[in-house]
Amino acid sequence: MGDVTFFAYPDPFIWWQVALYLVAVAWGALVIGCFGVGGGAVYAPLMLLLPGMNPQVVIGSIFCGVTPSSAIRTYQLWRYGRLNLRESVPLMLGSGGGALIGQGLLLVVPSVVVSFIV
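Quick note on the numbering used here: the sequence shown kicks off at 585 and runs consecutively.
Here it is as C-alpha coordinates:
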(Lines of atoms letter the chains of each structure in order from A and count residues from 1; the text may use other names and numbers.)
(Lines give C-alpha, C1' and ligand atoms only; values in the text may rest on other atoms or scores of the structure.)
Protein backbone atom coordinates (compact mmCIF):
# COMPACT_ATOMS: atom_id res chain seq x y z
CA MET A 1 0.00 0.00 0.00
CA GLY A 2 2.96 2.26 0.28
CA ASP A 3 3.42 5.41 2.26
CA VAL A 4 0.01 7.00 1.68
CA THR A 5 -2.25 7.22 4.70
CA PHE A 6 -5.43 9.12 5.36
CA PHE A 7 -3.80 11.36 7.95
CA ALA A 8 -0.58 12.13 6.07
CA TYR A 9 -0.09 15.58 4.59
CA PRO A 10 1.91 15.86 1.38
CA ASP A 11 5.42 17.13 1.83
CA PRO A 12 5.73 19.86 0.72
CA PHE A 13 2.12 20.91 1.32
CA ILE A 14 0.52 21.72 -2.04
CA TRP A 15 -2.72 23.70 -1.82
CA TRP A 16 -4.18 22.53 -5.14
CA GLN A 17 -4.15 18.90 -3.99
CA VAL A 18 -6.33 19.81 -1.01
CA ALA A 19 -8.55 21.99 -3.22
CA LEU A 20 -8.97 19.14 -5.73
CA TYR A 21 -9.90 16.76 -2.93
CA LEU A 22 -12.49 19.18 -1.52
CA VAL A 23 -13.98 19.78 -4.98
CA ALA A 24 -14.18 16.01 -5.53
CA VAL A 25 -15.95 15.47 -2.21
CA ALA A 26 -18.37 18.35 -2.80
CA TRP A 27 -19.17 17.23 -6.36
CA GLY A 28 -19.66 13.62 -5.29
CA ALA A 29 -21.94 14.64 -2.41
CA LEU A 30 -24.01 16.80 -4.76
CA VAL A 31 -24.40 14.01 -7.33
CA ILE A 32 -25.27 11.43 -4.69
CA GLY A 33 -27.71 13.74 -2.92
CA CYS A 34 -29.52 14.95 -6.02
CA PHE A 35 -29.59 11.87 -8.19
CA GLY A 36 -28.89 8.89 -5.94
CA VAL A 37 -26.03 7.81 -8.20
CA GLY A 38 -23.16 5.82 -6.69
CA GLY A 39 -20.46 8.13 -5.41
CA GLY A 40 -17.66 5.79 -6.40
CA ALA A 41 -18.21 6.69 -10.04
CA VAL A 42 -17.46 10.30 -9.15
CA TYR A 43 -14.95 9.95 -6.31
CA ALA A 44 -12.66 7.27 -7.73
CA PRO A 45 -11.46 9.07 -10.89
CA LEU A 46 -10.97 12.35 -9.04
CA MET A 47 -9.09 10.74 -6.15
CA LEU A 48 -6.84 8.89 -8.59
CA LEU A 49 -5.70 12.30 -9.88
CA LEU A 50 -4.17 13.06 -6.49
CA PRO A 51 -0.44 12.33 -6.36
CA GLY A 52 0.53 9.11 -4.61
CA MET A 53 -2.96 7.60 -4.51
CA ASN A 54 -3.10 4.01 -5.69
CA PRO A 55 -6.38 2.33 -6.66
CA GLN A 56 -6.52 0.07 -3.61
CA VAL A 57 -6.36 3.04 -1.21
CA VAL A 58 -8.92 4.98 -3.28
CA ILE A 59 -11.44 2.12 -3.31
CA GLY A 60 -10.97 1.45 0.41
CA SER A 61 -11.48 5.13 1.19
CA ILE A 62 -14.66 5.24 -0.89
CA PHE A 63 -16.10 2.20 0.92
CA CYS A 64 -15.38 3.85 4.28
CA GLY A 65 -17.27 6.95 3.18
CA VAL A 66 -20.18 5.19 1.49
CA THR A 67 -21.00 2.75 4.28
CA PRO A 68 -22.33 5.29 6.82
CA SER A 69 -24.23 7.30 4.23
CA SER A 70 -25.82 4.14 2.78
CA ALA A 71 -26.86 2.94 6.23
CA ILE A 72 -28.43 6.31 7.06
CA ARG A 73 -30.24 6.51 3.72
CA THR A 74 -31.53 2.94 4.10
CA TYR A 75 -32.92 3.77 7.55
CA GLN A 76 -34.47 6.96 6.18
CA LEU A 77 -36.21 5.10 3.34
CA TRP A 78 -37.46 2.43 5.76
CA ARG A 79 -38.70 5.07 8.22
CA TYR A 80 -40.76 6.82 5.53
CA GLY A 81 -42.20 3.56 4.23
CA ARG A 82 -40.40 3.61 0.90
CA LEU A 83 -38.38 0.43 1.41
CA ASN A 84 -39.80 -3.07 1.10
CA LEU A 85 -37.38 -5.22 3.07
CA ARG A 86 -38.71 -8.51 1.68
CA GLU A 87 -37.88 -7.45 -1.88
CA SER A 88 -34.58 -5.86 -0.85
CA VAL A 89 -32.97 -8.88 0.83
CA PRO A 90 -31.80 -10.59 -2.41
CA LEU A 91 -30.23 -7.34 -3.58
CA MET A 92 -28.49 -6.82 -0.23
CA LEU A 93 -27.11 -10.37 -0.22
CA GLY A 94 -25.93 -10.10 -3.81
CA SER A 95 -24.25 -6.75 -3.29
CA GLY A 96 -22.56 -8.00 -0.12
CA GLY A 97 -21.20 -11.05 -1.91
CA GLY A 98 -20.09 -8.96 -4.87
CA ALA A 99 -18.29 -6.51 -2.58
CA LEU A 100 -16.41 -9.34 -0.87
CA ILE A 101 -15.37 -10.87 -4.20
CA GLY A 102 -14.34 -7.47 -5.56
CA GLN A 103 -12.22 -6.66 -2.52
CA GLY A 104 -10.55 -10.05 -2.79
CA LEU A 105 -9.74 -9.44 -6.44
CA LEU A 106 -8.10 -6.11 -5.58
CA LEU A 107 -5.30 -8.05 -3.91
CA VAL A 108 -4.37 -9.92 -7.09
CA VAL A 109 -5.28 -7.54 -9.93
CA PRO A 110 -2.44 -5.14 -10.88
CA SER A 111 -2.95 -1.46 -10.00
CA VAL A 112 -2.72 -0.44 -13.66
CA VAL A 113 -5.67 -2.65 -14.55
CA VAL A 114 -7.74 -1.34 -11.61
CA SER A 115 -6.97 2.27 -12.61
CA PHE A 116 -8.08 1.56 -16.17
CA ILE A 117 -11.36 -0.04 -15.01
CA VAL A 118 -12.13 2.75 -12.56
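Ideal Cβ placement from N, Cα and C applies to all residues, glycine included.
Inside the segment 598–678 only - alpha helix (DSSP H) runs reaching at least 4 residues: 599–619, 624–632, 639–663
C-beta atoms of LEU632 and PRO639 nearer than 8 Å: yes
Beta-carbon separation (whole angstroms), LEU667 vs LEU661, contact threshold 8 Å: About 4 Å; that satisfies the 8 Å criterion.
Euclidean distance between Cα positions of SER695 and GLY665: 42 Å
Whole-angstrom C-beta distance between VAL626 and GLY612, which should lie under 8 Å: 4 Å
Assigned secondary structure, VAL697 (DSSP; H/G/I helix, E/B strand, else coil): helix
CB contact flag (TYR605, LEU634, <8 Å): yes
For GLN687 and CYS648, the rounded distance between their alpha carbons: 13 Å
Short Cβ contact (8 Å threshold) for ILE643 with ALA628: yes
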